[in-house]
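Peer 1: One structure, pasted below without further comment.
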Amino acid sequence: MSASGYTRLSKKRALVLASLALALPLVVFVSMSLGVLPVNPIGLLYGLSSGQGIDPLAWAVIWHLRLPRALMALAAGAILAMAGVALQGSLRNPLVSPFTLGVSSGASFGAALAIVLGIGFVGTGTCLIIANAFVFALLATFMALGIARLRGMTPESVILAGIAVMYMFSAGVTLLQYVARQWELAELVYWLMGDLSKANWHRLDVAFLALLACIPLFKFAWDLNALMMGDDVAKSLGTDPAVTRTACAGLSALAVAAVVCMTGPIGFVGLMAPHLARLVVGADHRFLMPTSALLGALLLSTADLLARVVMMPLEIPVGVVTSFLGVPLFIHLLLRAGREIWR
Amino acid sequence: MAVKIIVKGISVIYRCVKALDGISIELEGGKITAIVGPNGAGKTTLLKCINGVVKPSAGVVFLDGAEVHKLKPAELARRMGHVPQIAPPHLPLTVFEAVALGRRPYVSWALGEADLRAIEAAMKAVGIEHLSDRYFDELSGGERQKVLIAMALAQEPEVLLLDEPTSNLDIRHQLEILELIRRLAREKGLTVAMAMHDLNLASRFSDIMIMLKEGRVFAVGAPREVLTPENIRAVYGVEAAVLTNPHLLIVPLGVVP
C-alpha cells in the first residue's frame, strides 16, 4: 500500500535523529579532552570513583571551563537552529535567520549602550551588559512584529519590518562605536564577534531556560507544514497564519535573546542548520525541527572545539569558524543535492 | 449526509472596492454548483467567504445551520475542503506527505492508523496511489491538481470547494478531473462548488449554475437557463451563439462593441 513507503521513510528519519543524538555526548567528550591541557575524562572519572584522588588542575579545567563551555555550545547551537527553522517556516523564506527580526542588532545595541555609556536597566559590569542586550533584543523583535501587525502579518511585512529595525539598531551601534574610547571600543568589538569562552554554570542555567522556551515551537509543526501551501490553503486546513507567525517569532526571539545576550551574535548556525536538516530529513517540520536542533548543537560545538584547538593556544572567534567550516560544507551539499529544497 | 450551504447577503470590500455586493445563494447538498462570470466578478472571493478564509463585511454563511465564521477553524477544516487555483510553485514534499497535510485538522503530532487509511483512500479516489513516494515538484500539472484534490479529500469533508480546477490543464486532464469531481459528488454525497472559466465544461459538469457580474448574482438556475445569448452578452460583453443539440455548446462570435 502507499502508506508503506511513508512508514519506511519515517523510520529512516527516526534513525537519522537517533544517530545525531548519539553524536552529542561524543562531541562533548572530545571537547573535554582536547585543549592546551590534554585531559583524559575517563581517567578522571575513574580516579574520582575509585577514590585515588585526581589532578586538581585537570578537574578545574574540565569542571569550570570545558564542560560548561561544551554544554553552552550545544544549547546555543540548538536554540539558534530551532529559531531558524521556525522563522524560515513561518515566514516561508529560505534567507531568514534568527537574526532577521533584529534580535542580534538589538542585543548589540543594548550591549554597546552598557559598554560605552554605562547606561542600562539593572546591575553593573557584565550583568548590565547581559541585561541590556536581552532587553534590547526583545525590544527590536517586538518593534518589528508590531509594525508587521499593521500590515496583517504577511511574511513580506514581517521580514521588511525586521530588516528596517535591524538597520536602525545597527546605526545606533555604529554611532556608539564612533564615540567610544579606545578600550571601550576594544571590548565592544570583542563582544560583537560572539564567543562562548565566558560560559559558566550560572549562564548555563539561563541557556537551559531558553532551551525550554523552544519546546512550545514543536506544537506548531503541523501549522508550519500547512503554511508551505500558502496562507489561504493553510487557513482552510484550520491553521491561523498570523497566530503561527507571531508565536514562532515571539518564542524564537525570547530564546535567541537569552542566548545572544551572553554569547554575542553567533552567525550562520541558525541559517545553515535548518537547510542541512532539510537535505537530510525533508521538509516535514515534525522531523525537521528536532533534526535542525541536533545539527545546530553539533555544528556549534564542533566549531567551538576547532576555534579552541586549531591555533592553540590562541583562540579564534567561534563565529569565524562556523562560517569557514560551514560555508564550504553547505555549498557542497547544496550542489550535490538532487532536488531543490527551496524555490 | 449531504449538507446545505446558505449564503445570506454577504458583501466584501477590498480597499474601498466592493468585491462582493450582497450575494445570497444556496448550495444544495450532493449537487455540483458552478460559479461563472468574468475575471474580477468575485468568484474566488465568494469561495473564500464560504470556507471562512475571508470574513465578509456584511452577511453570513451557514453550513447546515451553523455560522461558518463562528465555527472553530479545525472543525470547519474537517467539514470543508478547498482546492486552490494556484498550487505553490514549489513544495518540497512527497505526494504522500502533501496529501497528509489534509489531516492537519485531525492530528496533533503523529499520523495514526485512521489517518494513514484516510490518506490512502483519498489518493485512491483520485488515482494517484502509484505516485505516493514521488516528490510533488516532479509532477505534471494534471498530477499536481489531483494531489491538491486528494489533500482536500483527506480532510474527509462534506463540502468541496474548487477554484478553477481545470485551468492550466489539457483537454484530457480537464475531463478526467471533472469526471472525478462528479463521481465524488455522486458517490460520497459531497456538496461541490467550483469556480469555472470554461462555460462549456461548466455546463456539462454542473447541476446548478450561478452567474456573477461585478460582485452580484446575475442569474441562477440550470446551465441551460443561465447560459443564454442575452446573459452572455450582458455579463461578458460577448456575442455568442448557443447551440443546444445534442450538448449545450457556446460559440463565442465576437466582442460586443
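These protein sequence lines map, in sequence, to chains A and B. Going by the numbering used here, 87 is the number at position 87 of the first sequence; the sequence numbering is gapless. Each position in the second sequence, counted from 1, maps to that position plus 1000 in the numbering used here. C-beta atoms are modelled at their ideal positions from N, C-alpha and C, and glycine is treated no differently.
Under 7 Å Cβ-Cβ, which residues of chain B neighbour Arg-245 of chain A?
Peer 2: Against the first sequence, residue 245 of chain A aligns to sequence position 245. What Arg-245 of chain A touches in chain B: nothing, since even the nearest Cβ is about 15 Å away.
Peer 1: Counting only beta-carbon separations shorter than 8 Å, does Met-272 of chain A have a partner in chain B?
Peer 2: Taking the first sequence and counting its residues from 1, the one referred to as residue 272 of chain A is at position 272. For Met-272 of chain A, the answer is no, since every Cβ of chain B falls outside 8 Å of its Cβ.
Peer 1: With a CB to CB cut of under 8 Å and the five nearest residues on each side skipped, what residues in its chain are close to Pro-41 of chain A?
Peer 2: Taking the first residue of the first sequence as 1, we reach residue 41 of chain A at position 41. Excluding sequence neighbours, Pro-41 of chain A sits near Phe-29, Met-32, Ser-33, Ile-62.
Peer 1: Out of curiosity, what's the CA-to-CA distance linking Ala-133 of chain A and Cys-127 of chain A?
Peer 2: As a working mapping, residue 133 of chain A is identified with position 133 in the first sequence. As a working mapping, residue 127 of chain A is identified with position 127 in the first sequence. Cα to Cα, the separation comes out at about 10 Å.
Peer 1: Between the region 178 to 191 of chain A and the region 235 to 249 of chain A, can you find at least three pairs of beta-carbon atoms closer than 8 Å?
Peer 2: With the cut-off at 8 Å, the region 235 to 249 of chain A and the region 178 to 191 of chain A do not touch.
Peer 1: When the Cα of Ala-1087 of chain B is compared with those of B:Lys-1031, B:Glu-1156, B:Val-1061, B:Ala-1152, which residue comes out closest?
Peer 2: Locating residue 1087 of chain B in the second sequence gives position 87, counting from the first residue. It is B:Ala-1152.
Peer 1: For the region 286 to 301 of chain A against the region 1113 to 1127 of chain B, do three or more pairs of beta-carbon atoms, one drawn from each stretch, fall closer than 8 Å, so that the two count as touching?
Peer 2: No: fewer than three Cβ pairs fall under 8 Å.
Peer 1: Can you look up Glu-315 of chain A in the DSSP assignment and give me helix, strand or coil?
Peer 2: On the first sequence, residue 315 of chain A is found 315 positions in, with the first residue counted as 1. Correct three-state label for Glu-315 of chain A: coil.
Peer 1: In the region 225 to 268 of chain A, which residue ranges form an unbroken alpha helix (DSSP H) of at least 4 residues, counting only runs that do not cross its ends?
Peer 2: Runs found: 231 to 236, 241 to 263.
Peer 1: I'd like the span of the beta strand (DSSP E) that includes Glu-1239 of chain B, first residue to last.
Peer 2: Reading the second sequence from its first residue, position 239 is the one you call residue 1239 of chain B. Glu-1239 of chain B -> beta strand (DSSP E) spans 1238 to 1243.
Peer 1: Return the bridge partner residues of Asp-1163 of chain B from the DSSP annotation.
Peer 2: Indexing the second sequence from 1 puts residue 1163 of chain B at position 163. B:Ala-1195, per the DSSP bridge assignment.
Peer 1: Exposed or buried, which one is Ile-115 of chain A when buried takes at least 16 other CB atoms within 10 Å?
Peer 2: To locate residue 115 of chain A, count along the first sequence from 1; it is residue 115. So Ile-115 of chain A counts as buried.
Peer 1: Please list, in chain order, the chain B residues whose beta carbon lies closer than 8 Å to that of Ala-226 of chain A.
Peer 2: Taking the first residue of the first sequence as 1, we reach residue 226 of chain A at position 226. Near Ala-226 of chain A (Cβ distances below 8 Å), the residues of chain B are Leu-1101, Arg-1104.
Peer 1: Are Leu-237 of chain A and Arg-1224 of chain B touching if we call contact CB-CB under 8 Å?
Peer 2: Residue 237 of chain A sits at position 237 when you count from the first residue of the first sequence. Residue 1224 of chain B sits at position 224 when you count from the first residue of the second sequence. Contact: no.
Peer 1: Use the C-beta contact count for His-1082 of chain B: other C-beta atoms within 10 angstroms, 16 or more gives buried, fewer gives exposed.
Peer 2: For the purposes of this step, residue 1082 of chain B is taken as the residue at position 82 of the second sequence. Flag for His-1082 of chain B reads buried.
Peer 1: Which one of B:Ala-1041, B:Thr-1045, B:Thr-1094 has the shortest CA to CA distance from Gly-5 of chain A?
Peer 2: Your numbering for residue 5 of chain A matches position 5 in the first sequence. Measuring from the Cα of Gly-5 of chain A, the nearest candidate turns out to be B:Thr-1094.
Peer 1: Using beta-carbon positions only, say whether Ala-273 of chain A and Pro-1092 of chain B come within less than 8 Å of one another.
Peer 2: Translated into positions along the first sequence, residue 273 of chain A becomes position 273. Translated into positions along the second sequence, residue 1092 of chain B becomes position 92. Not closer than 8 Å, so no.
Peer 1: Return no unless some Cβ of chain A is closer than 8 Å to the Cβ of His-1082 of chain B.
Peer 2: Position 82 of the second sequence holds residue 1082 of chain B. Closer than 8 Å: yes.
Peer 1: Against chain A, which members of the region 1157 to 1186 of chain B pass a CB distance test of less than 7 Å?
Peer 2: Answer set for the region 1157 to 1186 of chain B: empty.
Peer 1: From Asn-225 of chain A to Leu-175 of chain A, what does the alpha carbon distance come to, in whole angstroms?
Peer 2: Counting from 1 along the first sequence, the entry for residue 225 of chain A is found at position 225. Counting from 1 along the first sequence, the entry for residue 175 of chain A is found at position 175. Their Cα atoms are separated by approximately 42 Å.
Peer 1: Output the distance between the C-alpha atoms of Asn-1245 of chain B and Arg-1183 of chain B, rounded to the nearest integer angstrom.
Peer 2: Stepping through the second sequence from its first residue, residue 1245 of chain B is reached at position 245. Stepping through the second sequence from its first residue, residue 1183 of chain B is reached at position 183. The alpha-carbon atoms of Asn-1245 of chain B and Arg-1183 of chain B are separated by roughly 24 Å.
Peer 1: Taking only beta carbons into account, state which residues of the region 226 to 242 of chain A come closer than 8 Å to chain B, listed in chain order.
Peer 2: Listed by position, the residues of the region 226 to 242 of chain A near chain B (Cβ gap below 8 Å) are Ala-226, Met-228, Met-229, Gly-230, Asp-232, Val-233, Lys-235, Ser-236, Leu-237, Gly-238, Thr-239, Asp-240.
Peer 1: Give every residue of the same chain whose Cβ lies closer than 7 Å to the Cβ of Pro-1252 of chain B, excluding the five residues on either side of it in the sequence, and list them in chain order.
Peer 2: The residue given as residue 1252 of chain B occupies position 252 in the second sequence. Val-1238, Ala-1240, listed in sequence order.
Peer 1: Alpha carbon to alpha carbon, how far is Val-320 of chain A from Pro-328 of chain A?
Peer 2: As a position in the first sequence, residue 320 of chain A is number 320, starting the count at 1. As a position in the first sequence, residue 328 of chain A is number 328, starting the count at 1. Each residue's Cα considered, the two are about 13 Å apart.
Peer 1: I want to see whether chain B comes within less than 8 Å of Ser-197 of chain A, judged by CB atoms only; does it?
Peer 2: On the first sequence, residue 197 of chain A is found 197 positions in, with the first residue counted as 1. Closer than 8 Å: no.
Peer 1: Cβ of Leu-87 of chain A within 8 Å of Cβ of Ser-252 of chain A?
Peer 2: Along the first sequence, one-based indexing puts residue 87 of chain A at 87. Along the first sequence, one-based indexing puts residue 252 of chain A at 252. Taking 8 Å as the Cβ cut-off, Leu-87 of chain A and Ser-252 of chain A qualify as a contacting pair.
Peer 1: Taking 8 Å as the cut-off, does the region 249 to 266 of chain A touch the region 98 to 112 of chain A (at least 3 CB pairs, one atom from each stretch)?
Peer 2: Yes, they touch.
Peer 1: Please list the terminal residues of the continuous alpha helix (DSSP H) segment that includes Thr-1033 of chain B.
Peer 2: Translated into the one-based positions of the second sequence, residue 1033 of chain B becomes position 33. That residue, Thr-1033 of chain B, is in no alpha helix (DSSP H); its beta strand (DSSP E) goes 1032 to 1036.
Peer 1: Taking only beta-carbon positions, decide if Ser-157 of chain A is within less than 8 Å of chain B.
Peer 2: Here residue 157 of chain A refers to the residue found at position 157 when the first sequence is read from its first residue. Chain B contact via Cβ: absent.
Peer 1: Is the shortest distance between the beta-carbon of Pro-5 of chain A and the beta-carbons of chain B less than 8 Å?
Peer 2: Here residue 5 of chain A is taken as the residue at index 5 of the first sequence, counted from 1. Just to set this straight, residue 5 of chain A is Gly in the shown sequence, not Pro. Judged by the 8 Å Cβ criterion, Gly-5 of chain A is in contact with chain B.
Peer 1: Just to confirm the assignment, what range does the beta strand (DSSP E) spanning Asp-1261 of chain B have?
Peer 2: Within the shown structure, residues of chain B are numbered from 1001 to 1257, placing residue 1261 of chain B beyond reach of any answer.
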